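> These protein sequences, in sequence, are chains R and U. Going by the numbering used here, the first residue of the first sequence is number 586, and it counts up by one from there. Going by the numbering used here, the first residue of the second sequence is number 369, and it counts up by one from there.
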Amino acid sequence: MNLVNKIKEAFEVSFKNKLIIRLCKILIVFVAFIILSIQSQNLIINLKFHKNITVKDRTNDFELAKAKLEKDIKQLNHKLDSKTPKSHYLVINSSSNEFSLYKGKNLIKKDKCSTGSYVLLKNGDQQQWMFKTPKGEFRIQTKTISPIWKKPDWAFVEDGLPVPPVNHHSRFEYGVLGDYALNLGHGYLIHGTLFQRFIGLPVTHGCIRLNDDNLELVYKSMAVGAKVYIY
Amino acid sequence: MTTKKKENRNISLREKFKAFYNINRQRLFRYAIFFIALFVFFTTLVSTAIRINEINRLVQADSLFVQSYDSSFNDPELSSLLKERTYKQALIKLSENDSIQLIVNLQDSIVALSIKGVIIHETKVEHFDIDHFFERLPQMSYARLFSYPLSVNSQYATIVKEPIVVRNAPKDTLEAALNAYEPDTLMQKPAFLQLKAEYGIHVLFQQETNPTLNDKISCLWFRIKILGSEVLDLIVLKKPSYNSKIIIKIPNDELRSIYRALPTNTFLVLSYD
Numbered sequence: 586m587n588l589v590n591k592i593k594e595a596f597e598v599s600f601k602n603k604l605i606i607r608l609c610k611i612l613i614v615f616v617a618f619i620i621l622s623i624q625s626q627n628l629i630i631n632l633k634f635h636k637n638i639t640v641k642d643r644t645n646d647f648e649l650a651k652a653k654l655e656k657d658i659k660q661l662n663h664k665l666d667s668k669t670p671k672s673h674y675l676v677i678n679s680s681s682n683e684f685s686l687y688k689g690k691n692l693i694k695k696d697k698c699s700t701g702s703y704v705l706l707k708n709g710d711q712q713q714w715m716f717k718t719p720k721g722e723f724r725i726q727t728k729t730i731s732p733i734w735k736k737p738d739w740a741f742v743e744d745g746l747p748v749p750p751v752n753h754h755s756r757f758e759y760g761v762l763g764d765y766a767l768n769l770g771h772g773y774l775i776h777g778t779l780f781q782r783f784i785g786l787p788v789t790h791g792c793i794r795l796n797d798d799n800l801e802l803v804y805k806s807m808a809v810g811a812k813v814y815i816y
Numbered sequence: 369m370t371t372k373k374k375e376n377r378n379i380s381l382r383e384k385f386k387a388f389y390n391i392n393r394q395r396l397f398r399y400a401i402f403f404i405a406l407f408v409f410f411t412t413l414v415s416t417a418i419r420i421n422e423i424n425r426l427v428q429a430d431s432l433f434v435q436s437y438d439s440s441f442n443d444p445e446l447s448s449l450l451k452e453r454t455y456k457q458a459l460i461k462l463s464e465n466d467s468i469q470l471i472v473n474l475q476d477s478i479v480a481l482s483i484k485g486v487i488i489h490e491t492k493v494e495h496f497d498i499d500h501f502f503e504r505l506p507q508m509s510y511a512r513l514f515s516y517p518l519s520v521n522s523q524y525a526t527i528v529k530e531p532i533v534v535r536n537a538p539k540d541t542l543e544a545a546l547n548a549y550e551p552d553t554l555m556q557k558p559a560f561l562q563l564k565a566e567y568g569i570h571v572l573f574q575q576e577t578n579p580t581l582n583d584k585i586s587c588l589w590f591r592i593k594i595l596g597s598e599v600l601d602l603i604v605l606k607k608p609s610y611n612s613k614i615i616i617k618i619p620n621d622e623l624r625s626i627y628r629a630l631p632t633n634t635f636l637v638l639s640y641d
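1. Below 7 Å on C-beta distance, what does V676(R) contact in chain U?
2. Which residues share a DSSP beta bridge with L530(R)?
3. Mind checking the stretch 579 to 600 of chain U against chain R and listing, in chain order, the residues whose C-beta falls within less than 8 Å of any C-beta there?
4. If you drop the 5 nearest sequence neighbours on each side, which residues of the same chain put their C-beta closer than 7 Å to that of R512(U)?
5. Comparing the CB of Y765(R) with every heavy atom of the ligand SAM, is any distance shorter than 8 Å?
6. Considering V489(U), what are the terminal residues of the beta strand (DSSP E) in which it resides?
7. Between S681(R) and chain C, is the shortest Cβ-Cβ distance under 9 Å, so that the two count as touching?
8. I'd like the list of long-range same chain contacts for I784(R), defined as Cβ closer than 6 Å, with 5 residues on each side in sequence excluded.
9. Check whether chain U comes within 9 Å of D657(R), counting only Cβ atoms and requiring the distance to be less than that.
10. DSSP state of S597(U), grouped into three classes?
11. So, L654(R) versus L449(U), is the Cβ gap smaller than 9 Å?
12. Compute the Euclidean distance between the alpha carbons of P737(R) and S685(R), then round it to the nearest angstrom.
13. How do the stretch 585 to 592 of chain U and the stretch 388 to 397 of chain U stand: do at least 3 beta-carbon pairs fall below 8 Å, yes or no?
14. Output the distance between the C-alpha atoms of H570(U) and H495(U), rounded to the nearest integer angstrom.
15. Would you be able to state if there are at least three C-beta pairs under 8 Å between the stretch 596 to 603 of chain U and the stretch 538 to 549 of chain U?
16. Which residue wins for smallest C-alpha separation from I592(U), given the options V604(U), D621(U), I616(U) and Q562(U)?
17. Can you list, in chain order, the residues of its chain whose CB lies under 6 Å from that of I614(U), leaving out five sequence neighbours each side?
18. Check whether the stretch 400 to 419 of chain U touches the stretch 613 to 622 of chain R, counting contact only when three or more Cβ pairs, one atom from each stretch, lie closer than 8 Å.
19. Between which two residues does the alpha helix (DSSP H) holding V434(U) run?
20. Which two residues bound the contiguous alpha helix (DSSP H) that contains S509(U)?
21. Go to Q475(U), then tell me how far its beta strand (DSSP E) extends in each direction, as first and last residue.
22. With the cut-off set at 9 Å, would you say G721(R) and D466(U) are in Cβ contact?
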């Protein structure tokens with residue numbers, strides 16, 4: 586009861602000071618002003634949009650118009666359906682690090698993958714590399730079994746090693762890309778990894794890494810020329 | 369003598385004004401508020417009228433569209449069919465674009481990403497709000513306005529487009545081993561996105577839930593910033609423009625995926641009941 590009395594007293598004092606009354610007045614005016622503005626705005630919308638642009642009555646027939654719309658929709662649906670590949674294609678979500686394998690409109694498999702880390706590696710002021718997976722539509726250029734990785738310069742720079750000549754034996758590594766590789770062009774591959782615990786995380790240098798089972802499924806499903814959509 | 373007289377006159381004027389201000393301070397303050405409110409009120413109304421005129425002119429100027437448009441399509445019973453056709457027409461036009469684009473289909477409560485006509489990502493919309501403007505848009509104007517993808521002029525988000533981590537090359541293998549990169553999987557900033565499209569159409573994406581205090585503050589801050597930019601436009605007497613808003617709520621991770629996929633020159637296909 587003491588607390589209630591205290592609050593009451595505080596309110597009485599405040600009312601004496603007219604502070605709350607003033608604030609309430611301002612609030613009421615403000616709310617009224619907003620309501621008035623919105624209502625007037627809606628009134629303008631109703632009035633202005635009421636005036637429809639006059640067009641020549643051509644059919645003036647409900648059934649004919651309905652049939653035309655239905656026919657148009659059917660044609661447009663047909664056109665849109667033809668845009669989706671009928672064979673296998675792959676969709677990669679580089680934000681959530683997930684892939685979806687489709688055949689036509691049917692989802693075959695959805696699972697984790699790894700994509701670019703977004704690390705910008707700087708080697709002084711001279712060189713820099715951005716490790717991100719490109720976005721857009723790609724096609725499988727080539728397919729390889731037991732791929733060999735020819736390490737680019739950044740792989741040595743990243744490890745704090747001196748960069749060897751172009752075809753030096755230290756550039757070639759066997760088994761690190763898994764059993765298969767699918768080439769998307771411009772040096773980007775879909776491949777396997779020795780570090781399967783990182784699958785599902787953004788850790789790659791731009792390539793797409795899959796676990797062994799998914800890599801085999803994708804390799805066997807996707808033909809050369811098949812589409813890969815990355816976003 | 370004359371300068372002294374002038375000075376005296378100036379002083380007396382200043383004093384008179386001071387005295388007037390002291391007596392009528394409250395009244396002046398009220399008048400100022402009243403005139404500001406009146407100005408904002410009329411600006412709002414004028415901007416709305418300007419926007420509607422712009423849309424009406426757009427429809428009238430497209431002679432090909434006006435010729436091909438059958439007045440029977442204005443029948444309210446054909447509204448859903450007309451809207452479906454409009455949506456599909458816009459999708460066909462969107463498929464001519466090479467990059468990833470956005471589809472907001474509120475008829476089916478879906479937000480999707482598309483590239484060359486292929487839907488690559490789809491999210492169910494749990495909750496959305498649309499302005500009165502969209503509800504009152506005549507069928508003919510709707511058919512013209514939304515049968516083309518809308519160009520998105522600006523994007524503003526609380527999350528970064530590309531989470532770039534800058535790293536300097538290590539000097540040796542020891543430093544490389546010490547600085548081995550490990551991604552931070554706990555990084556989950558609150559996600560809010562505003563897309564400003566043509567004809568003053570603003571699409572606001574908000575994360576579905578705001579479980580933490582940080583989320584709630586971010587949501588409030590996002591709204592204040594948007595409101596603030598509109599108020600600033602009024603203050604600097606920028607050409608008034610009416611913006612119609614759509615608020616869409618989707619899960620945080622979905623919003624993140626969508627925003628990061630969108631290119632700088634984004635196009636948007638919009639459809640609603």
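Glycine included, each C-beta is placed from N, C-alpha and C at the ideal position. A quick note: this is a predicted structure, and the numbers were derived from the prediction, not measured.
This is what the structure holds:
1. Here the neighbours are I488.
2. The requested residue 530(R) does not occur in the structure, where chain R is confined to residues 586 to 816.
3. Taken residue by residue, none of the stretch 579 to 600 of chain U has a beta-carbon sitting less than 8 Å from a beta-carbon on chain R.
4. L426, V427, D430 and F433
5. Ligands in the displayed structure: none, and consequently the ligand SAM is not present.
6. Inspection of the sequence shows that residue 489(U) is occupied by His rather than by Val. Its beta strand (DSSP E) spans residues V486 to K492.
7. The displayed structure is made up of protein chains R and U, and chain C is not among them.
8. K697, S699 and N796
9. yes
10. helix
11. yes
12. 29 Å
13. no
14. Straight-line spacing of the CA atoms in H570(U) and H495(U) works out to 16 Å.
15. No, the stretch 538 to 549 of chain U does not touch the stretch 596 to 603 of chain U.
16. Q562(U)
17. I498 and V571
18. yes
19. Element bounds for V434(U): S431 to S436.
20. Q507 to L513
21. Here Q475(U) belongs to no beta strand (DSSP E), and DSSP marks it neither H nor E.
22. yes
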